[in-house]
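Undergrad: Chains as they are written, first to last, in my numbering: chain L, 1 to 436; chain C, 1001 to 1444.
1) Between residue 429 (chain L) and chain C, is the shortest Cβ-Cβ distance under 9 Å, so that the two count as touching?
2) Rounded to whole angstroms, what is the Cα-Cα separation between residue 147 (chain L) and residue 250 (chain L)?
3) Return the chain-ordered list of same chain residues with a C-beta closer than 8 Å to the C-beta of residue 385 (chain L), the five sequence neighbours on each side being excluded.
4) Within the same chain, show all residues whose beta-carbon is closer than 6 Å to that of residue 1052 (chain C), passing over the 5 residues directly before and after it, in chain order.
5) Report yes if the C-beta distance between residue 1434 (chain C) and residue 1138 (chain C) is below 9 Å; otherwise report no.
6) Taking only runs that begin and end inside the segment 1160 to 1211 of chain C, name each unbroken alpha helix (DSSP H) of 4 or more residues, in chain order.
7) Could you tell me which whole alpha helix (DSSP H) segments of length 4 or greater appear in the segment 26 to 50 of chain L?
8) Between the C-alpha atoms of residue 1201 (chain C) and residue 403 (chain L), what's the straight-line distance to the nearest angstrom?
9) Going along chain C, which residues have a C-beta under 7 Å from residue 361 (chain L)?
10) From which residue to which residue does the alpha helix (DSSP H) around residue 135 (chain L) run?
11) If you follow the alpha helix (DSSP H) that residue 1407 (chain C) is part of, which residue opens it and which one closes it?
12) Counting beta carbon pairs with one atom in the segment 1073 to 1092 of chain C and one in the segment 1214 to 1231 of chain C, are three or more of them shorter than 8 Å?
13) Check whether the segment 23 to 43 of chain L and the segment 220 to 228 of chain L touch, using three or more Cβ-Cβ pairs below 8 Å as the test.
14) Alpha carbon to alpha carbon, how far is residue 1179 (chain C) from residue 1146 (chain C)?
15) Give the residues of chain L in contact with residue 1370 (chain C), contact being defined as C-beta atoms less than 9 Å apart.
16) Verify whether the separation of the beta carbon atoms of residue 1276 (chain C) and residue 1399 (chain C) is less than 9 Å.
17) On the DSSP bridge list, what partners appear for residue 1125 (chain C)?
18) Going by C-alpha distance, which of L:209, L:157, L:195, L:259 is nearest residue 334 (chain L)?
19) Let me check understanding here. Comparing Cα to Cα, which of L:200, L:243, L:238, L:241 lies closest to residue 228 (chain L)?
20) For a contact defined as C-beta to C-beta under 7 Å, what are the partners of residue 149 (chain L) on chain C?
21) Once the 5 residues before and after residue 208 (chain L) are set aside, which same chain residues still bring their CB inside 6 Å of it?
22) Using the beta-carbon count (16 or more within 10 Å), is residue 1120 (chain C) buried or exposed?
23) Considering only residues of the segment 366 to 416 of chain L, which uninterrupted alpha helix (DSSP H) runs meet the minimum length of 4 residues and lie entirely inside it, listed in chain order?
24) Residues bridged to residue 1254 (chain C) by DSSP?
25) To be precise: take each residue of the segment 145 to 179 of chain L, compare its Cβ to all Cβ atoms of chain C, and keep it if any distance is under 7 Å. Which residues remain?
26) Could you tell me which of C:1376, C:1382, C:1370 sits nearest to residue 372 (chain L), measuring between CA atoms?
27) Go to residue 422 (chain L), then tell me how far its beta strand (DSSP E) extends in each direction, as first and last residue.
28) In angstroms, rounded to a whole number, what distance separates the CA positions of residue 1099 (chain C) and residue 337 (chain L)?
29) If we cut at 9 Å on Cβ distances, does residue 1251 (chain C) have a partner in chain L?
30) From residue 427 (chain L) to residue 1255 (chain C), what distance separates their C-alpha atoms?
31) Could you check if residue 1075 (chain C) is buried or exposed, using at least 16 other CB atoms within 10 Å of its CB as the buried criterion?
32) So that I know if they touch, is there some Cβ in chain C lying closer than 9 Å to that of residue 208 (chain L)?
33) Counting Cβ pairs closer than 8 Å, one from the segment 1259 to 1273 of chain C and one from the segment 1065 to 1081 of chain C, do we hit at least three?
34) Within 9 Å (strictly less), CB to CB, does residue 116 (chain L) reach chain C?
35) Within 10 angstroms of the Cβ of residue 1444 (chain C), are there 16 or more other Cβ atoms? Answer buried if so, exposed if not.
36) Out of curiosity, what's the CA-to-CA distance linking residue 1071 (chain C) and residue 158 (chain L)?
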């Protein structure tokens, strides 16, 4: 067992406060790795389990299988029906969350110290021995179909789905993880069993445990919980190039406010310039009221309630994305201002003062994220998913502080390409038409 | 998204209180109440000022002014330039925001604990010294109209809810949306904002909540230095709002909007809320909501409509215990394919009728009791949640003692309590039944 004592340094305006997070790396007898933080002050435990792959492992023609499989894990396991399983969970006052994303499966559990063995045994049944009965399959499929129908009439989802399809085509990133009405209706119990075997495998597993537990207890706990999962899963999909050129796509939809979803190719998480890009994105559009876009589009002009941009480094592609909504009469102006700000940052970069203010905020805000057992468990699982070491918690602010103004201005010119921006606009935008 | 306003569920889902956290309370000489919640696990503090004024306190014809004013408080004061408040918080590594509900308006920052004094300095300054221009008002009014577009006009479900609440409350301003009716929002002006501000933003109408790595004595010293020097407002009116008359006729509404993807129905009943020294009925209603529609697997509606029959794809019962005045008990059903809204509604009413005559399984009550007790353990991990719990309660007429008694009151609920409160609220004359459809064909 390796132990790394990490002092979280909270440095603000010249003063320093310290909080300690003691991350212990544990390897179970069965070979499962986990990060553990002992926090005995409140009698419960937060457990975060993630698997790489997720919906990107949907087999051809089986879009939606992984997502539906995750929805069914709590719908009957071992010799328990769905109702028996949930009755047992409620009696233990444990909470389990099962979620599928593009590249990541997430299993989040919180349970009391006093009944941890029973709670873990129950969770283990859901992970190892889900039953996937036909009535549960039909019931949950009907729920997902309602969600798909809702997505088809939701302006935000119409915009993002249109953008993704145009950018990634047949790659899994090009379609929603829910699947389509057609693909979902064709799924059988066999497909779900296959999805379960493919997605929950020990070779793509990361675990973190935070709370009223000792590191010694975690290894045996995880062997019991996860040891029976398959050792390996099928190959992950290939990387995919962002395939959308600059322009505008208007999706006609009768609603008073137009929604725009926009972006172009981005930067990889392990790129040496990632932190420069992170700061650029913060100043441009991710920094809430302090961002340039919020200031120009909302505060100065009153064109929107909110505009934001995001670096999205996925496992197989990377983007910089944004969203803005404005009345049909004004969305054109909101887009024009957005493109101008994109160009201004690309061509002029930012000022030394803007960089300094951004660094102060980003380094001050970072330790505030570690504010609860579940939050710490999720942060540590996220770090493991992208192969960061525990010491990253200590060094992360140094990475931010090491970025120079020269770095910023060089990377801004590379990262931000106003002519490559593609805007998908859903609504009845006045004066906007689709480009070819 | 910032400057959020607390629609129904946002702040009030966690209504159970805790006694395990160290809580210290006192009142400043000018009447400002102070709550200090200690959590020394990390060097972080949450600083909140809650005003005992919300959208339901607005003068008629100015709906949305409470929320609009909340936006304007970020614009500037005699010493802070527009945007400087939030910029200063960010420059100190913190984040800030605000929210407005029917009963309260609150401003908060989350930041390193040694920045508390700076937060108090700025927040106390904008309690009395707002300085806004006509341009600020005009631009920010466009922002709140876009906010209404985003939250409400672009959402069929939100528009339907607005209609249901307007029908539910016949006299009380809970029937008026927090964000305001669009035609009234368009007319809001500087005078509306400043009249509201001058009257209600004062220390004797405010609650300070400080939670995190702080010492109560230090908080008291700072609070006295920054908030204690602000004079009390002697014109502050007593908080008496129009009450609901007896409801004498059931209301039924069909909301039609082509953007509705799936027909559904809701039913809301007028219901009592947590009152000072009298929280037993509200506690019983928490159980009633869980028993009828808390979990789709184990609740009566879930079992009958989603498992025993395939009548619905979604069922839910919910109850907002925290409210200054009468609240609602709500049911929602999304019918399964091939089931009409009439059939789904009949099935829902059959479940309620069955509930009223059958015995409640004691194991179900025990399970809910266990979950409520455990939620107190989990709540200790979220000091911001504890801060909101106290702020909401104290601005909705409850006392510290009420907040701290609530978990025990929840533990003491019996089957008889649940049955008798159900008997009381399930009165169709005080109910609204709403159908939400995309076309008339579905309204059957």
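From the three backbone atoms N, C-alpha and C, an ideal C-beta is built for every residue, glycine too.
TA: Reading it off the structure:
1) no
2) 23 Å
3) 50, 52, 104, 206
4) 1205, 1395
5) no
6) 1182 to 1185, 1190 to 1200
7) none
8) 43 Å
9) 1090, 1091, 1093
10) 134 to 151
11) 1400 to 1411
12) no
13) yes
14) 11 Å
15) 90, 91, 92, 93
16) yes
17) Partner(s): none; residue 1125 (chain C) has no beta bridge.
18) L:259
19) L:200
20) 1261, 1262
21) 35, 48, 377, 380, 381
22) buried
23) 373 to 385, 392 to 401, 405 to 415
24) C:1435
25) 146, 149, 150, 152, 153, 155
26) C:1382
27) 422 to 427
28) 28 Å
29) no
30) 21 Å
31) buried
32) no
33) no
34) no
35) exposed
36) 30 Å
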